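Peer 1: For reference, the structure I am asking about is given below.
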Amino acid sequence: MAIFWAFIVPYLKSLGMNNTYIGIIASLMILSGVVGQFVTGYICDVKGTIKKIFIISMIILSISIIFFFQSQNSTYMMVFIVIIGFFQSSAMGLTDSWVLESDSEIKENFGGIRALGSAGWGISAILVGSLIDRMGWDIIYVLYGIMTILLLGALYNMKDAKGDKVNLTEGVTFKDIKELLINKSYVHLLVILFLLFSGLHAAGTFSPIIIQNYGGAKFHVGLYLFVAATSEIPMLFYAKRLKVKYKLTALLVFAALAMAIRMVLVAYSNSIAAVVSLGAMQFITFSIIVFISKYLIDEVSPPKTKTMAQMVGMAIYHGLSGIFSTSLSGWLSDNIGMKGMLLFQAGLSFVAIILSLRYHYNRWKILR
Numbered sequence: 001m002a003i004f005w006a007f008i009v010p011y012l013k014s015l016g017m018n019n020t021y022i023g024i025i026a027s028l029m030i031l032s033g034v035v036g037q038f039v040t041g042y043i044c045d046v047k048g049t050i051k052k053i054f055i056i057s058m059i060i061l062s063i064s065i066i067f068f069f070q071s072q073n074s075t076y077m078m079v080f081i082v083i084i085g086f087f088q089s090s091a092m093g094l095t096d097s098w099v100l101e102s103d104s105e106i107k108e109n110f111g112g113i114r115a116l117g118s119a120g121w122g123i124s125a126i127l128v129g130s131l132i133d134r135m136g137w138d139i140i141y142v143l144y145g146i147m148t149i150l151l152l153g154a155l156y157n158m159k160d161a162k163g164d165k166v167n168l169t170e171g172v173t174f175k176d177i178k179e180l181l182i183n184k185s186y187v188h189l190l191v192i193l194f195l196l197f198s199g200l201h202a203a204g205t206f207s208p209i210i211i212q213n214y215g216g217a218k219f220h221v222g223l224y225l226f227v228a229a230t231s232e233i234p235m236l237f238y239a240k241r242l243k244v245k246y247k248l249t250a251l252l253v254f255a256a257l258a259m260a261i262r263m264v265l266v267a268y269s270n271s272i273a274a275v276v277s278l279g280a281m282q283f284i285t286f287s288i289i290v291f292i293s294k295y296l297i298d299e300v301s302p303p304k305t306k307t308m309a310q311m312v313g314m315a316i317y318h319g320l321s322g323i324f325s326t327s328l329s330g331w332l333s334d335n336i337g338m339k340g341m342l343l344f345q346a347g348l349s350f351v352a353i354i355l356s357l358r359y360h361y362n363r364w365k366i367l368r
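Take the sequence shown: its letter number 27 is residue 27 in full-length UniProt numbering, and every next letter is one higher.
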C-alpha cells in the first residue's frame with residue numbers, strides 16, 4: 001500500500017500541481033474510497049466472505065496503478081484515481097476486518113498484527129523513496145505489481161475470516177443497517193474519530209510538502225514516512241496489554257489530547273529535521289487511535305453487521321474526513337499558509353477532546 005499511497009502527493013507535486021488542486025485530487029480518491037468501503041463492507045456481510053473480495057480488490061487495484069502511471073492524459077488519470085481510491089480504501093479496511101472477525105486469539109492480537117503492517121509501510125517508504133530518486137517514478141508501478149503477486153501467493157492457503165460463522169440464509173436486511181446507523185454510541189464515536197483523522201490526514205498529506213518546501217528530497221519524504229511508521233510499532237505491539245490496563249475510552253481522550261499537541265508542534269516546526277522528528281508522534285496519536293477505533297466500533301456494533309460497521313465507520317472517519325481535511329486544508333494552506341491551516345486542525349482536535357470526555361462518561365454510565 002505504501003508504495004503508491006505514500007508518494008502520490010509528491011508525484012502530483014512533481015507534475016506542477018498547486019496545493020488546492022492536490023487537495024481536490026486527494027479528495028476525489030478518498031471519495032471513491034468511501035463508496036468502495038460502503039459497497040465492499042455490505043457485500044462481505046451478505047456473501048459471508050472477506051478473502052474473496054480482498055483478492056479481487058487487490059488485482060483490480062494493481063492493474064489500475066500500472067495504467068495510472070502509464071497515462072499522460074489528465075482525464076484518464078482522474079478515472080484511474082477514482083478506481084484506485086475505490087479499491088485501495090476497500091482493501092485497507094478489509095485487512096482490519098479480517099483480523100477482527102477471525103478467532104479470539106487472532107482478534108486479541110490485532111495490535112501486534114497491525115504493527116507488522118506499520119513495519120512494512122515504514123521499510124517500504126524509505127526504500128521506495130530512495131529508488132524514486134535514483135530511477136524515477138515508474139519504479140512505483142513495477143514494485144506494486146511484484147508485491148501484489150507475492151501477496152496473492154501468500155493468501156492462497158489463508159483461512160477466510162467469516163466462513164461457517166455466517167448464516168447466509170438470514171442475510172443482512174435494511175432493518176439491520178438502520179439499527180447500526182441510529183446507534184447513538186456508534187454515531188458519537190464516528191464524530192470523534194472524524195475530527196481526529198482530519199488532523200492525521202492533514203499531517204500525513206502536507207508534512208511531505210512542508211519537507212519539500214524546506215528543500216528536502218524524496219529520500220527525506222521517505223525518511224519522514226519511515227519514522228512515522230516505525231514509531232507506531234512499539235505501541236501496537238503493546239496494544240493488547242494497554243487494552244487490559246486502561247479503559248479504551250480513556251485512551252481515546254489521551255490520543256485526542258496528543259493529536260492537538262502534535263498539530264501545534266508541526267505548525268511551528270521550521271526545518272526538515274523538525275518535521276521528520278515530529279513524525280514520531282504517530283506513537284501516541286495514530287497507533288492508539290487506530291487500534292482503539294477498531295475495538296470500540298466492534299464493541300457497539302450488532303453481530304450481523306460487524307464488517308459493515310467497520311467499513312462504514314472507516315468510510316466516514318477515514319474517508320469523509322479525508323475529503324474534508326485535504327480539500328479544506330489545501331485551500332487554507334494556499335490562502336492563510338501552512339501554519340494557519342495546521343492550527344485550524346489543532347482546534348478541531350480540541351473539539352475532539354471535549355467529545356471524547358463526554359463519550360468516556362456516557363460509556364462509564366452504561367457499563368457501571
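All C-beta atoms, glycine included, are put in the ideal place defined by N, C-alpha and C. Here the structure is a predicted model, which means the values were calculated and not measured.
If distances are taken between C-alpha atoms only, which option among 42, 342 and 80 comes closest to residue 261?
Peer 2: Taking only the C-alpha atoms, the option nearest residue 261 is 342.
Peer 1: Select from 128, 182, 221 and 34 the residue whose C-alpha is nearest the C-alpha of residue 272.
Peer 2: Ranking 128, 182, 221 and 34 by Cα distance to residue 272 puts 221 first.
Peer 1: Please report the distance separating the alpha-carbon of residue 180 from that of residue 189.
Peer 2: Spanning the two alpha carbons is a distance of roughly 13 Å.
Peer 1: What are the start and end residues of the alpha helix (DSSP H) that includes residue 188?
Peer 2: Element bounds for residue 188: 184-213.
Peer 1: Check this for me: beta carbons of residue 318 and residue 89, under 9 Å apart or not?
Peer 2: A contact, by the Cβ cut-off of 9 Å.
Peer 1: Put residue 419 into one of helix, strand or coil per three-state DSSP.
Peer 2: The requested residue 419 is not part of the displayed model; the chain covers only 1 to 368.
Peer 1: Rounded to whole angstroms, how far is the Cβ of residue 51 from the Cβ of residue 160, which I believe are closer than 8 Å?
Peer 2: That belief holds up - the Cβ atoms of residue 51 and residue 160 are roughly 4 Å apart, short of 8 Å.
Peer 1: Count the other CB atoms, across all protein chains shown, that sit within 10 Å of the CB of residue 74; report buried if there are 16 or more and exposed otherwise.
Peer 2: The residue in question, residue 74, is exposed, as its Cβ has fewer than 16 Cβ neighbours within 10 Å.
Peer 1: According to the Cβ coordinates, are residue 85 and residue 28 closer than 9 Å?
Peer 2: Cβ distance < 9 Å, so residue 85 and residue 28 count as in contact.
Peer 1: Would you grab the beta carbon distance between residue 346 and residue 267 for me? Rounded to a whole angstrom, and I think it's under 8 Å.
Peer 2: Between residue 267 and residue 346 the Cβ distance is about 7 Å, and since that is below 8 Å, they are a contact.
Peer 1: Given a cut-off of 9 Å, decide if residue 193 and residue 313 are closer than it, judged by their beta-carbon atoms.
Peer 2: It is a contact, given that the beta carbons lie within the stated cut-off.
Peer 1: In terms of alpha-carbon separation, which member of 251, 298 and 178 lies closest to residue 288?
Peer 2: Of 251, 298 and 178, the residue nearest in Cα terms is 251.
Peer 1: Ordered along the chain, which non-local residues of its own chain (more than five positions away) have a Cβ less than 6 Å from that of residue 57?
Peer 2: These residues qualify, in order along the chain: 87, 90 and 91.
Peer 1: So, with DSSP's three-state summary, where would you put residue 137?
Peer 2: Here residue 137 sits in coil by DSSP.
Peer 1: In the DSSP assignment, find the alpha helix (DSSP H) that holds residue 224 and state where it starts and stops.
Peer 2: Start and end: 218-237.
Peer 1: Can you give, in chain order, each stretch of the alpha helix (DSSP H) that sits fully within the stretch 67-132 and has at least 4 residues?
Peer 2: Within the stretch 67-132, the complete alpha helix (DSSP H) runs of at least 4 residues are 74-100 and 104-108.
Peer 1: Measure the alpha-carbon distance for residue 2 versus residue 49 and round it to whole angstroms.
Peer 2: Taking the straight line from one Cα to the other gives about 25 Å.
Peer 1: Need the endpoints of the alpha helix (DSSP H) that residue 298 sits in, please.
Peer 2: Counting along the chain, the alpha helix (DSSP H) containing residue 298 begins and ends at 286-300.
Peer 1: Quick check: residue 207 and residue 280, are their CB atoms within less than 9 Å of each other?
Peer 2: No.
Peer 1: Can you tell me whether residue 136 is buried or exposed? The criterion is at least 16 other CB atoms within 10 Å of its CB, across all chains shown.
Peer 2: By the neighbour-count rule (16 or more Cβ atoms within 10 Å), residue 136 is not buried but exposed.
Peer 1: Please classify residue 246 as buried or exposed, where buried requires at least 16 neighbouring CB atoms within 10 angstroms.
Peer 2: Exposed, since its Cβ has fewer than 16 Cβ neighbours within 10 Å.
Peer 1: Please list, in chain order, all residues of the same chain as residue 168 whose beta carbon is under 7 Å from its beta carbon, the five residues on each side excluded.
Peer 2: Caution is warranted here: a pLDDT of 46 is assigned to residue 168, below 50, making its placement in the model unreliable, and the coordinate value is therefore given only provisionally. So the qualifying residues of the chain are 48.
Peer 1: My understanding is that residue 328 touches residue 199, with C-beta atoms under 8 Å, so please give their C-beta distance in whole angstroms.
Peer 2: That pair is no contact at about 12 Å.
Peer 1: Scan the stretch 304-356 and note each continuous alpha helix (DSSP H) run of 4 residues or more that stays entirely inside, going in chain order.
Peer 2: Counting whole runs of 4 or more residues, the stretch 304-356 contains the alpha helix (DSSP H) stretches 306-314 and 321-335.
Peer 1: Going by other Cβ atoms of all chains shown within 10 Å of its Cβ, with 16 needed for buried, is residue 282 buried or exposed?
Peer 2: Per the 10 Å Cβ criterion, buried.
Peer 1: Taking residue 311 and residue 95 to be in contact with their CB atoms under 8 Å, please state how far apart those CB atoms are, rounded to whole angstroms.
Peer 2: Wrong, their Cβ atoms sit about 11 Å apart, outside the cutoff.
Peer 1: By a C-beta neighbour count over all protein chains shown, 10 Å radius and 16 as the cutoff for buried, is residue 174 buried or exposed?
Peer 2: It counts as exposed.
Peer 1: Judging by CA-CA distance, which residue of 66, 233, 108 and 59 is the nearest neighbour of residue 150?
Peer 2: Out of 66, 233, 108 and 59, 59 has the C-alpha closest to the C-alpha of residue 150.
Peer 1: Is the stretch 212-226 close to the stretch 107-126, with three or more CB pairs under 8 Å?
Peer 2: Output reads yes: the stretch 107-126 touches the stretch 212-226.
Peer 1: Give a yes or no on whether 9 Å exceeds the smallest Cβ distance from residue 192 to chain E.
Peer 2: The structure shown contains no chain E; it holds only a single protein chain.
Peer 1: Note down the Cα distance separating residue 344 from residue 195, rounded to an integer number of angstroms.
Peer 2: C-alpha separation (whole angstroms): 11 Å.
Peer 1: Does residue 45 come out as helix, strand or coil in the three-state DSSP assignment?
Peer 2: Reduced to three states, the DSSP call for residue 45 is helix.
Peer 1: Buried or exposed: where does residue 158 fall if 16 or more other Cβ atoms within 10 Å of its Cβ makes it buried?
Peer 2: Result: exposed.
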